[in-house]
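Residue numbers (my numbering): 43 to 370.
Notes follow the structure.
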């Protein structure tokens, strides 16, 4: 998401850049993308792991256990979704068709930005007087994420219901029962996210991120600004569990620093964005980490442990590049 400009992330970041008095936020954001090194390195590592078939760290042990014993969950681990949902099997006598999965998923993905636009359209002042492209971006950034997700999921379920009923795969009662089983399986996720949001809110109310950022400004050397912005953004995102909150804090700190010290603004923006994604990627209280654990039906802490070596590897390479770029 962070490398795609035409979504809610891009609209949000552009809004933050405008708030810092930058007159051409879209150009700056696009120039910052090649300098947003962490997600680029993370994706390169994924490609390398796939091609080499060589995992490392806790993931290697988990892969070995799964291959040798068939256990996809370690002993003593608790999946982030109910065992009732995990144990659901394939219905006998029903041919496997990829479209029965892909069409509802693509429907949900397609409905997400539409939901953001529709829910945010009425929130933008004088939107009818704006050019269409700008109006859509502003609506995206003002839209309700929870409302968009709800509409997208309900639409996907509706499309899936039509598919399954027309093919006589499930009766309507079976579809309703399965839907409620899916909802019930997400209750542990909802509870954990509620606690994670509470911890993040307490951290923000205490001003942890802003205090850390202000503390670092006093001793920073211009050559180390990109590296420090990256590391500091990562620390704040890890501590608070939110990349978007980190962007708001650190862009307000990093852009004025870059302007005062003669540093490239796209470089500062890229370092902040990359650091925010890195910290959010590693944080056990981040909603994205929690959702990843849920989606893979894995133990939450096991997921954090297995992804950490890969995240740290990508971050180390990105940090090295920021250090070198700072002296160029």
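Beta carbons: idealized from backbone N, C-alpha and C, even for Gly.
Using beta-carbon positions only, say whether residue 190 and residue 150 come within less than 7 angstroms of one another. no
Would you mind reading off the limits of the alpha helix (DSSP H) that contains residue 316? 307-324
Measure the beta-carbon distance from residue 145 to residue 201 and round it to whole angstroms, keeping in mind my assumption that it falls under 8 angstroms. 6 angstroms
Helix or strand or just coil, what does DSSP make of residue 266? helix
What is the DSSP secondary structure of residue 244, reduced to helix, strand or coil? helix
Counting only the same chain and skipping the five closest in sequence on each side, list residues whose C-beta sits under 6 angstroms from that of residue 353. 323 and 324
Anyone know if the C-beta pair for residue 332 and residue 70 falls short of 7 angstroms? no
Leaving out five residues before and five after residue 290 in sequence, what residues of the same chain have Cβ atoms less than 7 angstroms from its Cβ? 58
Could you check which residue in 247, 335 and 314 has the C-alpha nearest to that of residue 276? 314
Just the Cα atoms here: how many angstroms apart are residue 92 and residue 328? 26 angstroms
Closest to residue 360 by C-alpha separation, out of 51, 176 and 270, would be which residue? 270
Please confirm whether residue 143 and residue 194 have their CB atoms less than 7 angstroms apart. no
If distances are taken between C-alpha atoms only, which option among 110, 295 and 52 comes closest to residue 180? 52
Quick one: give me the first and last residue of the alpha helix (DSSP H) that residue 142 is part of. 141-163
Taking residue 103 as part of the alpha helix (DSSP H), name the residues at either end of that continuous run. 100-111
For residue 85 and residue 310, the rounded distance between their alpha carbons: 21 angstroms
Reducing DSSP to helix, strand and coil, say where residue 87 ends up. helix
Of all the options 305, 280 and 164, which has the alpha carbon lying nearest to the alpha carbon of residue 262? 305
Enclosing alpha helix (DSSP H) for residue 293 [first to last residue]: 285-303
Sorted by chain position, which residues of the same chain lie with C-beta nearer than 8 angstroms to residue 221's C-beta, five sequence neighbours on each side aside? 199
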